[in-house]
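Report on the structure given below.
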Amino acid sequence: MLFDSNIFFAQLVSVDYMRGAALSVAVAIVSLILATVIGFFMAVGRTAKQPYLRAPAHFYVWFFRAIPALLVLLIMWNALPQIIPALRADWFSPFIAASVGLGLVEAAFMSEIIRSALLSVDDGQGLAGRALGMSPAKVMVKVVLPQAIRIALPPTGNEFIGLVKYSSLASVISLRELLTTAQVGVNITFRYAEYYAAAIVYYLVIVSILSILQGLLEKKFAWTSKSAKSKKSTEATVPAPMGIS
Numbered sequence: 001m002l003f004d005s006n007i008f009f010a011q012l013v014s015v016d017y018m019r020g021a022a023l024s025v026a027v028a029i030v031s032l033i034l035a036t037v038i039g040f041f042m043a044v045g046r047t048a049k050q051p052y053l054r055a056p057a058h059f060y061v062w063f064f065r066a067i068p069a070l071l072v073l074l075i076m077w078n079a080l081p082q083i084i085p086a087l088r089a090d091w092f093s094p095f096i097a098a099s100v101g102l103g104l105v106e107a108a109f110m111s112e113i114i115r116s117a118l119l120s121v122d123d124g125q126g127l128a129g130r131a132l133g134m135s136p137a138k139v140m141v142k143v144v145l146p147q148a149i150r151i152a153l154p155p156t157g158n159e160f161i162g163l164v165k166y167s168s169l170a171s172v173i174s175l176r177e178l179l180t181t182a183q184v185g186v187n188i189t190f191r192y193a194e195y196y197a198a199a200i201v202y203y204l205v206i207v208s209i210l211s212i213l214q215g216l217l218e219k220k221f222a223w224t225s226k227s228a229k230s231k232k233s234t235e236a237t238v239p240a241p242m243g244i245s
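Here the sequence shown is numbered in UniProt numbering, starting from 1 and rising by one per residue.
This is the structure we're talking about:
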């Protein structure tokens, strides 16, 4: 069969593809939020001095880095409802299973990103904050995290783009995201090229938009850092008024 451009362009503007693309992005967003929250606590646990904090964090990262994401999704949707009766209710949807499953797996990788970002901040920064009377929590929020975020942004953006693509794995648990939408059309018409080509275009557009937003966000944080340094340098070079030492 020859490539039918009419079918291809019809899918590009179809509601099903738009809904599938939106669902893929939504799964990625929820998964990244969950992964960032869990990953932060795992990163703090891995950098803690207490063994009872380090051991569970090390185990979590080791466990979910070893298990394929596809297997986690199958366990979330098929195995857990057999063990936990509450998950057999209508509220437990493929979207929730996919978001939680991918979030748990991604948290292991986010913990490494966050841990490396936290370790990149000089220890003297925290000591200076403690010398000013800040509590450890306040030092983390006011001193360490603002600097660590700039380090963690680029790899986090890459992980988010990866999650958009990994959301296609949720097709095995009946989530009708972008790739599943294309596959349904293929099963009906057997027009592989047109339906898969439309899915490729959607993925390219989504990743391009996310890459642009990531670049703008990185520039924003870099600009804030440079402006703060410039302001501090200007204040240091301005001579003090007469009578003020």
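For each residue, glycine too, the CB sits at the ideal point set by N, CA and C. The structure presented is a predicted model; accordingly, all values stated were derived computationally and were not measured.
Tell me the rounded alpha-carbon separation between residue i and residue j.
i, j, result
"P155", "E112", "10 Å"
"R88", "A98", "15 Å"
"T224", "E218", "Low confidence applies to T224: its pLDDT is 49, below 50, so where it sits in the model is not reliable enough to give any reading."
"W77", "A86", "13 Å"
"Y195", "G20", "13 Å"
"F41", "F3", "51 Å"
"A108", "I38", "8 Å"
"S116", "L80", "33 Å"
"Y17", "A199", "8 Å"
"S211", "G157", "8 Å"
"Q50", "F64", "22 Å"
"V100", "V207", "22 Å"
"L163", "L153", "15 Å"
"residue 277", "R54", "What the structure shows of the chain is the stretch from 1 to 245, and residue 277 is not part of that stretch, so it cannot be assessed."
Name the two residues that bound the continuous alpha helix (DSSP H) containing residue i.
i, result
"E177", "Looking at the DSSP string, E177 is not in any alpha helix (DSSP H), and its letter there is neither H nor E."
"I151", "L145 to Y166"
"V100", "P94 to S120"
"K138", "P136 to V139"
"R88", "Run containing R88: none; DSSP gives neither H nor E here."
"Y40", "Note on residue identity: the sequence assigns Phe, not Tyr, to residue 40. Here the alpha helix (DSSP H) through F40 covers V15 to T47."
"W62", "P51 to A66"
Are the beta-carbon atoms of residue i and residue j separated by less than 9 Å?
i, j, result
"R176", "G185", "no"
"L178", "S24", "yes"
"Q125", "V141", "no"
"V105", "I161", "no"
"T36", "L118", "no"
"R150", "V139", "no"
"L102", "S174", "no"
"V172", "L70", "yes"
Considering only the alpha carbon of each residue, which of the options lies closest to residue i?
i, options, result
"A197", "N187, L210 and A182", "A182"
"V72", "D122, A170 and I200", "A170"
"N6", "A193, L204, Y202 and I209", "A193"
"V27", "I173, L104, L118 and I96", "I96"
"A57", "A43, L70, I200 and Y166", "A43"
"F8", "T189, V139 and I83", "T189"
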